[in-house]
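Numbering (mature numbering (1 follows the signal peptide of the UniProt record, and there is no 0)), first residue to last: -23 to -1, 1 to 323.
To start, the structure itself, in structure tokens.
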Amino acid sequence: MNPHAKLVASLSLLLGTTITISSNHWMMAWTGLEINTLAIIPLISKSHHPRAIEATIKYFLVQAAASTLVLFASMNNAWYTGQWDLTQLTHPTSCLLLTAAIGMKLGLVPFHFWFPEVLQGSPLTTALLLSTMMKFPPITILFMTSHSLNPTLMTTMAIASAALGGWMGLNQTQIRKILAFSSIAHLGWMTIIIIYSPKLTLLTFYLYSLTTTAVFLTLNTIKTVKLSTMMTSWTKTPMLNATLMLTLLSLAGLPPLTGFLPKWLIIQELTKQEMTTAATIIAMLSLLGLFFYLRLAYYSTITLPPNSTNHMKQWHINKPTGSPIAITTSLSILLLPLSPMILTTI
């Protein structure tokens, strides 16, 4: 891909995200979302592979439909209330339309079908952007309008996302698809708490983004996209694979790793809100996700293939591990002892 085109796309991504997260007016928020959508399209389709082109078209159609719904919801609200302010979303129909639109933008159940397919057709670095940075503007809009949303609808969508994200990830062999379903399940955890503690949703999103970044950067270094190649990747970078195992277990939410913190806080907050049943259900559903994270961890570190592989022997990678991987992995594993300090921010 032309470096100038890549620079323009990257700057447009930053610009679109900044416009949306800093705006109070619906039209500015919508403009930022549109810039983001158009900026990521060249990055998805840059390999010119048929699967990448298919992923690009799917992404464009879904995001265009979601943007139309955002615009329709905001215009409908302005028609009835005379308000274009993001925080003044009070009309019930507009609230439902916005929930559907943001569900499509994020990939929440039942609007999740596009996300695994698009991630599977994208390069690993673009898949990382789609899983983290592209979800930030829609989550910010949810954060700004959280007081207007329907609690029953959000809880239903959240539990369905956690269930389907865990269930569909069980039989996948492609790592990008597994991480896509993992993202859907994590979005369920973020959505269930957004009405009761919006700052906790943002904290969960930040920690999820940190851990997912560490996983994608590691996979990009060892050039692994399938479970079968992951089995032999320990010969290339034994230490990196060991830290990948810990990062995956952090993503699963096991103590004493960083990923345990948001799950613990969300269950605590749900219990305070007298939603013990919802807390129990979503905690049980996280066991489905734990199964495929454990399978990934097992493949990355513990599996020693019994027979020699048919492809060329993979020697150790001589280049040193980059500092972004070192920093994100360390934070993904070791932040739990700092939880009292983190709690002061929410």
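A virtual CB, placed ideally from N, CA and C, is assigned to each residue, including glycine.
Chain-order list of residues whose beta-carbon lies under 7 Å from that of residue i (same chain, five-residue window excluded)
i: Ala(-19); result: Pro19
i: Ala274; result: Met222, Leu225, Leu226
i: Ser186; result: Thr109
i: Ile12; result: Ser(-12), Leu(-9), Gly(-8), Ile(-5)
i: Leu242; result: Leu177
i: Phe237; result: Gly230, Leu231, Leu313
i: Lys35; result: Trp91, Glu94, Val95
i: residue 324; result: Since the first residue shown for the chain is -23 and the last is 323, residue 324 is missing from the structure and cannot be characterised.
i: Thr58; result: Gln65, Thr67, His68
i: Asn(-22); result: none
i: Ala255; result: Thr132, Ile136, Ile169, Leu247
i: Ile172; result: Ser123, Leu126, Pro128, Met131
i: Leu265; result: Gly143, Trp144, Leu147
Closest residue to residue i among the options (Cα-Cα distance)
i: Ser160; options: Thr189, Pro175, Leu75, Val39; result: Thr189
i: Val95; options: Leu38, Trp241, Ile244, Ser(-14); result: Leu38
i: Ala303; options: Ala191, Gly98, Lys35; result: Ala191
i: Tyr183; options: Trp166, Leu126, Ser24; result: Trp166
i: Thr132; options: Ser(-14), Met208, Gln250; result: Gln250
i: Gln97; options: Met261, Ile30, Thr168; result: Ile30
i: Thr212; options: Pro100, Thr278, Ser44; result: Thr278
i: Gly84; options: Leu271, Phe113, Ile259, Leu264; result: Phe113
i: Arg272; options: Val(-16), Asn148, Ile244, Asn127; result: Asn148
i: Leu46; options: Met111, Ala6, Thr168, Thr103; result: Ala6
i: Tyr276; options: Met208, Ser300, Ile310; result: Met208
i: Ile319; options: Ser210, Thr181, Ala50; result: Thr181
i: Val86; options: Gly143, Leu48, Thr122; result: Gly143
i: residue 372; options: Leu308, Ile172, Ala255; result: The structure shown does not extend to residue 372, since the chain spans only -23 to 323, so no value can be given for it.
i: Leu(-17); options: His25, Phe158, Ile17, Thr235; result: Ile17
i: Gly146; options: Leu262, Tyr173, Pro27, Ile244; result: Leu262
i: Pro301; options: Ala42, Ala32, Leu217; result: Leu217
i: Ala42; options: His124, Leu10, Thr206, Ile258; result: Leu10
i: Phe158; options: Tyr270, Tyr173, Ser123; result: Tyr270
i: Leu107; options: Ser(-14), Trp56, Ala50, Thr122; result: Ser(-14)
i: Thr206; options: Ala260, Gln151, Thr257; result: Gln151
i: Ile21; options: Leu264, Ile172, Met111; result: Met111
i: Ile323; options: Ile258, Gly266, Pro239, Leu265; result: Pro239
i: Met134; options: Leu63, Leu179, Phe49, Phe88; result: Phe88
i: Leu156; options: Leu179, Leu204, Pro175; result: Leu204
i: Ile(-3); options: Leu179, His26, Phe49, Ala50; result: Leu179
i: Leu48; options: Ala32, His26, Thr8; result: Thr8
i: Ser316; options: His26, Ser210, Pro233; result: Pro233
For residue i, the residue or residues it bridges with in DSSP
i: His2; result: Asp62
i: Lys203; result: Gln151
Beta-carbon proximity list for residue i, same chain, < 6 Å, skipping 5 on both sides
i: His2; result: Trp61
i: Thr220; result: Thr306
i: Gln40; result: Thr14
i: Leu104; result: Position check: residue 104 holds Ala in this sequence, whereas Leu was assumed. If we look at Ala104 and ignore the five residues flanking it on each side, its Cβ neighbours are Leu96, Arg153.
i: Ser51; result: Trp3
i: Pro175; result: Phe120, Ser123
i: Thr257; result: none
i: Leu267; result: Ala229
i: Thr33; result: Ile18, Ile21, Ser22
Own chain, CB closer than 8 Å to residue i, minus 5 neighbours either side, in chain order
i: Asn53; result: His68, Thr70, Ser71, Leu74
i: Leu101; result: Arg153, Phe193, Leu196, Asn197, Val202
i: Thr235; result: Leu184, Leu187, Thr188, Ser227, Leu308, Ser309, Ile310, Leu311, Leu312, Leu313
i: Thr253; result: Leu247
i: Ser24; result: Pro100
i: Ala55; result: Trp3, Trp61
i: Leu63; result: Ser(-1), Asn1, His2, Trp3, Ala6, Ile118, Met121, Thr122
i: Arg28; result: Gln97, Gly98
i: Ala260; result: Lys240, Ile244
i: His26; result: Gly98
Residue i beta carbon near the ligand FAD (any heavy atom closer than 7 Å)
i: Gln97; result: What this structure holds is no ligand at all, so the ligand FAD is not there to describe.
Inset, instruction - Assess, as a yes-or-no matter, whether the stretch 162 to 170 is touched by the stretch 127 to 139 under the definition of 3 or more beta carbon pairs within less than 8 Å. - result: Touching, yes.
Inset, instruction - Pick out the complete alpha helix (DSSP H) segments inside the stretch 44 to 113, 4 residues or longer, and give them in chain order. - result: Entirely contained in the stretch 44 to 113, the alpha helix (DSSP H) runs reaching 4 residues are, in chain order, 69 to 83, 91 to 98, 101 to 108.
Legend entry - the stretch 71 to 90 in contact with the stretch 100 to 118 per 3-pair CB rule at 8 Å: Judged by Cβ distances under 8 Å, the stretch 71 to 90 makes contact with the stretch 100 to 118, as three or more pairs qualify.
Inset, instruction - Enumerate, from N- to C-terminal direction, the unbroken alpha helix (DSSP H) stretches of 4 or more residues contained entirely within the stretch 192 to 259. - result: For the stretch 192 to 259, whole alpha helix (DSSP H) runs of length 4 or above, ordered along the chain, are 204 to 207, 215 to 229, 237 to 249.
Inset, instruction - Return the chain-ordered ranges of every beta strand (DSSP E) run that is complete within the stretch 23 to 47 and spans a minimum of 3 residues. - result: DSSP runs (the beta strand (DSSP E)) wholly in the stretch 23 to 47: none.
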